[in-house]
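Have a look at the structure below before the remarks.
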Amino acid sequence: MNVVVVESPAKAKTINKYLGSDYTVLASFGHVRDLPAKDGSVKPDEDFAMAWEVDTQSAKRVKAIADALKEADRLILATDPDREGEAISWHLLEALQKRRVLKDVTIERVAFNAITKQAVQEAMRHPRAVDMELVNAYLARRALDYLVGFTLSPVLWRKLPGSRSAGRVQSVALRLICDRELDIEKFRAEEYWTIDADVTAGSDPFRAKLVTLDGKKLQKLSIKDRASANAAVEAIKAASLSITGVEAKPARRNPPPPFTTSTLQQEAARKLGFSATRTMQTAQKLYEGVNIGGETTGLITYMRTDGVSMVPEAISQARDVIGKEHGSLYVPASPRMYATKAKNAQEAHEAIRPTSFARLPESLSLDQDMARLYQLIWRRAVASQMESARFERTTIDITSADEKTGLRAVGSVLMFDGFLTLYQEGRDDEEDEGENRLPKVQQGSAADVARTYADQHFTQPPPRFTEASLVKRMEELGIGRPSTYASTLQVLRDRDYVRMDKNRFHPLDKGRVVTAFLENFFKRYVEYDFTAALETQLDKVSAGELDWKQLLRDFWTEFRAAVDDIGDLRIGAVLDALNEALAPHIFPEKEDGSDPRLCPSCGEGTLSLRLGKFGAFLGCSNYPDCKFTRQMGEQDAEPAIEGDGEICIHPETGKPVVMKDGRFGIYLEMEIEGEDKPKRASIPKGWDPKELTPDQAIKLIDLPRTVGEHPDDGQPITAAIGRYGPYVHHDKTYANLPTVDEVFEIGLNRAVSVIADKRANGGRRGASATALKDLGEHDGKPIKIMSGRYGPYVKYEKINATLPKGTEPDDVTLEAAIKLVEEKAAKGGKKKAPAKKAAAKKAPAKKKAPAKKTTAAAKKPAAKKTATKKTKAE
Numbered sequence: 001m002n003v004v005v006v007e008s009p010a011k012a013k014t015i016n017k018y019l020g021s022d023y024t025v026l027a028s029f030g031h032v033r034d035l036p037a038k039d040g041s042v043k044p045d046e047d048f049a050m051a052w053e054v055d056t057q058s059a060k061r062v063k064a065i066a067d068a069l070k071e072a073d074r075l076i077l078a079t080d081p082d083r084e085g086e087a088i089s090w091h092l093l094e095a096l097q098k099r100r101v102l103k104d105v106t107i108e109r110v111a112f113n114a115i116t117k118q119a120v121q122e123a124m125r126h127p128r129a130v131d132m133e134l135v136n137a138y139l140a141r142r143a144l145d146y147l148v149g150f151t152l153s154p155v156l157w158r159k160l161p162g163s164r165s166a167g168r169v170q171s172v173a174l175r176l177i178c179d180r181e182l183d184i185e186k187f188r189a190e191e192y193w194t195i196d197a198d199v200t201a202g203s204d205p206f207r208a209k210l211v212t213l214d215g216k217k218l219q220k221l222s223i224k225d226r227a228s229a230n231a232a233v234e235a236i237k238a239a240s241l242s243i244t245g246v247e248a249k250p251a252r253r254n255p256p257p258p259f260t261t262s263t264l265q266q267e268a269a270r271k272l273g274f275s276a277t278r279t280m281q282t283a284q285k286l287y288e289g290v291n292i293g294g295e296t297t298g299l300i301t302y303m304r305t306d307g308v309s310m311v312p313e314a315i316s317q318a319r320d321v322i323g324k325e326h327g328s329l330y331v332p333a334s335p336r337m338y339a340t341k342a343k344n345a346q347e348a349h350e351a352i353r354p355t356s357f358a359r360l361p362e363s364l365s366l367d368q369d370m371a372r373l374y375q376l377i378w379r380r381a382v383a384s385q386m387e388s389a390r391f392e393r394t395t396i397d398i399t400s401a402d403e404k405t406g407l408r409a410v411g412s413v414l415m416f417d418g419f420l421t422l423y424q425e426g427r428d429d430e431e432d433e434g435e436n437r438l439p440k441v442q443q444g445s446a447a448d449v450a451r452t453y454a455d456q457h458f459t460q461p462p463p464r465f466t467e468a469s470l471v472k473r474m475e476e477l478g479i480g481r482p483s484t485y486a487s488t489l490q491v492l493r494d495r496d497y498v499r500m501d502k503n504r505f506h507p508l509d510k511g512r513v514v515t516a517f518l519e520n521f522f523k524r525y526v527e528y529d530f531t532a533a534l535e536t537q538l539d540k541v542s543a544g545e546l547d548w549k550q551l552l553r554d555f556w557t558e559f560r561a562a563v564d565d566i567g568d569l570r571i572g573a574v575l576d577a578l579n580e581a582l583a584p585h586i587f588p589e590k591e592d593g594s595d596p597r598l599c600p601s602c603g604e605g606t607l608s609l610r611l612g613k614f615g616a617f618l619g620c621s622n623y624p625d626c627k628f629t630r631q632m633g634e635q636d637a638e639p640a641i642e643g644d645g646e647i648c649i650h651p652e653t654g655k656p657v658v659m660k661d662g663r664f665g666i667y668l669e670m671e672i673e674g675e676d677k678p679k680r681a682s683i684p685k686g687w688d689p690k691e692l693t694p695d696q697a698i699k700l701i702d703l704p705r706t707v708g709e710h711p712d713d714g715q716p717i718t719a720a721i722g723r724y725g726p727y728v729h730h731d732k733t734y735a736n737l738p739t740v741d742e743v744f745e746i747g748l749n750r751a752v753s754v755i756a757d758k759r760a761n762g763g764r765r766g767a768s769a770t771a772l773k774d775l776g777e778h779d780g781k782p783i784k785i786m787s788g789r790y791g792p793y794v795k796y797e798k799i800n801a802t803l804p805k806g807t808e809p810d811d812v813t814l815e816a817a818i819k820l821v822e823e824k825a826a827k828g829g830k831k832k833a834p835a836k837k838a839a840a841k842k843a844p845a846k847k848k849a850p851a852k853k854t855t856a857a858a859k860k861p862a863a864k865k866t867a868t869k870k871t872k873a874e
């Protein structure tokens with residue numbers, strides 16, 4: 001009997017069919033052990049001993065594998081073919097050894113690059129041992145990430161209240177985003193002009209660009225103003241021009257290589273608008289496969305790779321498809337071979353390619369995301385083996401008789417499209433790929449200018465990073481690993497260090513403060529070269545060229561010293577450094593030349609960063625006499641929301657209604673006679689504070705509004721805006737309203753109806769859970785996306801699975817929903833059992849429960865305690 005362990009249940013089901021009845025295929029559901037999320041899980045004083053923990057769900061899976069091994073004589077570890085997969089196999093072996101079930105069991109490790117019958121069976125014929133060099137590289141990386149996070153994050157919490165965390169790669173990626181933003185803020189646009197002319201030389205007119213003026217070669221910014229542009233135009237008109245050079249040269253463009261993890265993420269972002277996370281989730285589905293002819297078959301090879309090569313049989317398949325679909329002219333004389341140019345590339349695996357090139361994209365029935373990504377992968381891989389595109393590039397030089405004025409025309413004509421007939425690589429800044437045909441002209445011919453064009457331009461700041469350009473930059477610098485880019489960028493969003501606007505990264509103030517702090521006090525550890533060098537060392541561990549614990553010792557000695565040095569650092573010193581580092585952002589120069597740090601309220605104090613419970617803000621040095629504050633990114637141009645700005649006088653109280661800017665946003669405030677605290681009201685989402693009218697301000701500050709008395713009991717019904725939006729309230733029932741405006745307009749009959757509907761639908765939960773999308777059936781039972789109080793979720797029978805952050809309900813497919821449900825079920829579904837146990841545990845103290853229940857309640861905690869001990873013993 002053979003026990004095979006893979007990572008996912010979907011993969012287990014597929015591979016079980018490939019191998020037959022002599023094999024039992026089980027899933028580990030990823031890692032079975034992890035470092036507890038608490039300080040002390042990695043112990044530098046004990047030569048970096050690591051305290052691994054098996055959680056409850058993983059313990060069940062380890063037990064299932066251990067039980068299966070009691071009747072087996074061979075354990076085959078078939079986790080993913082990368083460093084992480086190797087680590088999962090090692091963790092599983094460690095956990096099983098503690099259960100003492102591996103005696104007389106042969107242990108083998110197999111790895112396959114695609115989930116197809118042929119690939120799996122071929123892998124089974126070539127087993128090996130667990131690669132401990134890869135495991136050691138994993139251990140070193142895991143320990144480094146843990147030590148940086150759990151050592152540096154507490155420093156941030158103490159010195160920068162409101163900060164969330166720091167990370168070895170995460171903080172460097174954030175620095176890239178913040179540095180780019182600083183470049184944009186420092187940027188000052190420069191004016192420049194370009195001069196073009198329509199030229200004829202016994203031919204049709206063609207466009208040429210001025211390249212030489214007064215005998216000097218022009219640079220981009222040579223012509224800086226309109227006067228200079230007009231002078232250049234006059235020089236062209238006055239010149240006696242002729243054709244002094246005609247050159248036509250053939251040119252070729254070769255196809256790009258097949259995808260790696262990084263280039264797939266970049267191209268999917270450019271062409272499909274996918275985030276890195278969405279790309280990898282969709283690629284995982286393609287790798288695990290779909291049902292084809294009654295058998296689940298993987299559609300692409302493993303998607304975590306930095307290799308660009310393909311095996312010979314795949315290349316042969318691709319060439320056959322090219323010949324069949326496009327003709328022999330598109331098949332090059334010999335196969336194309338590629339080598340990666342990325343830093344630290346290991347090229348341990350093939351590039352990402354279809355498992356069968358004969359499986360054309362249009363022949364498959366896939367959900368939208370899978371279909372689009374498969375087509376992108378298929379086309380890129382096929383195009384990589386196609387003939388080059390051929391162009392003819394023509395250059396025409398036009399020069400004056402005195403050689404002081406010169407123009408140049410450049411044209412490119414596509415002679416053979418080659419791989420471009422199938423695939424054209426995307427660019428972050430799209431270029432015009434159209435043809436520019438030039439007429440045939442003779443060297444020495446006189447040239448006439450039919451018309452001139454003087455165009456004004458301004459230099460542009462560097463663009464903010466997209467996911468594609470940030471991933472590309474990280475790969476160029478050798479920072480992190482492509483397989484971790486998606487999770488790294490997601491952490492930056494989850495920590496509220498950045499936001500996305502038009503698919504570009506904008507650093508938030510919290511992220512900028514953290515970056516400035518690290519650059520000033522832990523500069524070495526956010527330097528690009530240092531981080532890349534550390535990746536090189538980790539690769540040496542993988543290759544067996546460096547001891548992983550020696551790497552940790554060297555790193556920890558200096559890192560610990562840097563942390564200790566900052567331990568006694570005063571907050572004042574931190575603020576002084578941040579004020580200087582962030583000055584272009586928080587104290588930009590004023591047009592009138594006045595001091596940007598002068599307090600606009602008292603006119604005497606100096607503005608400086610202050611650190612509060614919820615993060616950084618600007619305050620006046622004359623506090624408490626001057627209580628002026630403002631958020632970091634705001635300037636003095638809008639005094640109505642900086643400090644106090646009176647909107648109106650309340651007609652009933654006679655008190656001013658004032659708009660203020662607090663740490664949670666802009667709000668209204670009004671003093672109440674006889675009350676210690678003022679009355680406050682937040683500005684509703686979607687309302688522009690700059691356009692708030694006195695009537696709106698009075699309505700907001702008067703909330704809650706009494707709608708009327710309920711006809712059944714005479715109790716009041718009120719309308720207000722709360723944490724979860726607009727609502728009406730009666731007795732103990734709160735019913736949501738669809739819009740903010742309805743808070744001020746709803747009548748008694750409508751309010752009674754809304755409250756009745758809420759109660760009829762089962763209270764708070766029932767009223768909020770409405771179906772957004774019917775996905776179909778799974779095992780004959782409906783599966784839907786519901787709208788819940790805390791966001792959309794998938795509902796299947798009694799399982800509710802929350803959609804991942806950033807996932808739109810319309811984008812969720814039936815397959816994706818089933819996976820979410822399976823993952824939630826594996827974690828224990830709703831997890832209501834602990835609540836019952838807790839209630840039972842309290843029963844004896846009340847001494848009201850019957851004797852039998854008391855006994856049962858007493859037994860439950862004991863059973864739980866025993867189970868916990870077993871878990872710890874893993």
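full-length UniProt numbering applies: residue 1 is where the sequence shown begins, and numbers increase by one. Where is the CB? At the ideal position from N, CA and C, for every residue including glycine. Remember, it's a predicted structure, so these values are computed and weren't measured experimentally.
Given residue i as reference, the closest of the options once Cα atoms are compared
| i | options | result |
| --- | --- | --- |
| C599 | T629, R359, L575 | T629 |
| N2 | E108, F29, R188 | E108 |
| R512 | A129, T116, L182 | L182 |
| residue 929 | H729, Y724, I683 | This structure cannot speak to residue 929, because the chain is shown only from 1 to 874. |
| M337 | G327, A314, G20, G654 | A314 |
| Y328 | P312, E71, E591, Q385 | The sequence given here has Ser at residue 328, not Tyr. S328 has its Cα closest to that of Q385, out of P312, E71, E591, Q385. |
| P738 | K732, A719, D731 | A719 |
| A339 | S309, L420, P361, Y330 | S309 |
| E362 | L376, R437, E350, L174 | L376 |
| P684 | E673, G674, Q696 | Q696 |
Chain-order list of residues whose beta-carbon lies under 7 Å from that of residue i (same chain, five-residue window excluded)
| i | result |
| --- | --- |
| K285 | M370, E815 |
Residues near residue i in its chain [Cβ-Cβ closer than 6 Å; skip 5 each side]
| i | result |
| --- | --- |
| V4 | Y23, V25, I76, A78 |
| N16 | V25 |
| A119 | F112 |
| G202 | S445 |
| G619 | R610, T629 |
| R74 | N2, T106 |
Residue environment, residue i, which counts as buried when at least 16 other CB atoms sit within 10 Å
| i | result |
| --- | --- |
| S594 | exposed |
| T14 | buried |
| G289 | buried |
| N291 | exposed |
| G378 | Rather than Gly, the amino acid found at residue 378 in this sequence is Trp. With 16 or more other Cβ atoms within 10 Å, it is buried. |
| K627 | exposed |
| E519 | buried |
| I721 | buried |
| P639 | Model confidence at P639 stands at a pLDDT of 36, short of 50, so the residue's coordinates are unreliable; what they give is reported in the following sentence. Result: exposed. |
Spatial neighbours of residue i in its chain, beta-carbon cut-off 8 Å, leaving aside the 5 residues before and after
| i | result |
| --- | --- |
| H457 | E191, Y192, W193, T194 |
| D80 | E7, I88, A111, Y302, R304 |
| A251 | R390, F391, E392, R393, S412 |
query = Would you call the stretch 98-106 and the stretch 60-78 in contact, with 3 or more CB pairs under 8 Å?
reply = Touching, per the Cβ criterion.
message = With three or more beta-carbon pairs closer than 8 Å as the criterion, would you say the stretch 206-217 touches the stretch 189-197?
response = At 8 Å Cβ cutoff, the stretches touch.
ask   = Enumerated in chain order, which unbroken segments of the alpha helix (DSSP H) with a length of 4 residues or greater are wholly contained in the stretch 673-737?
value = Within the stretch 673-737, the complete alpha helix (DSSP H) segments of 4 residues or longer fall at 694-701, listed in chain order.
inquiry  = Runs of 3 residues minimum, wholly inside the stretch 64-152: which ones carry the beta strand (DSSP E) assignment?
reply    = Counting only runs of at least 3 residues, the stretch 64-152 fully encloses the following beta strand (DSSP E) elements, listed from N- to C-terminal order: 74-77, 106-109.
request  = State whether the stretch 744-761 contacts the stretch 701-719, with contact taken as three or more CB pairs (one from each stretch) at a distance under 8 Å.
outcome  = Short answer: they touch.
Every unbroken alpha helix (DSSP H) within the stretch 181-265, with a cutoff of 4 residues, ordered by chain = Complete alpha helix (DSSP H) runs here, min 4: 226-238.
request  = Decide if the stretch 399-407 is in contact with the stretch 223-243; the criterion is three or more beta carbon pairs, one per stretch, under 8 Å apart.
outcome  = The stretch 399-407 vs the stretch 223-243: in contact.
query = So does the stretch 470-488 actually touch the stretch 248-268, counting three or more Cβ pairs closer than 8 Å?
reply = Contact check between the stretch 470-488 and the stretch 248-268: three or more CB pairs, one atom from each, fall below 8 Å, which counts as touching.
Validate contact between the stretch 126-135 and the stretch 89-97 using beta carbons, cut 8 Å, 3 pairs = Contact holds: three or more Cβ-Cβ distances are below 8 Å.
task = Run through the stretch 557-641 for me and flag every whole alpha helix (DSSP H) of 4 or more residues, listed as ranges in chain order.
result = List check, alpha helix (DSSP H) in window: 571-581, 583-586.
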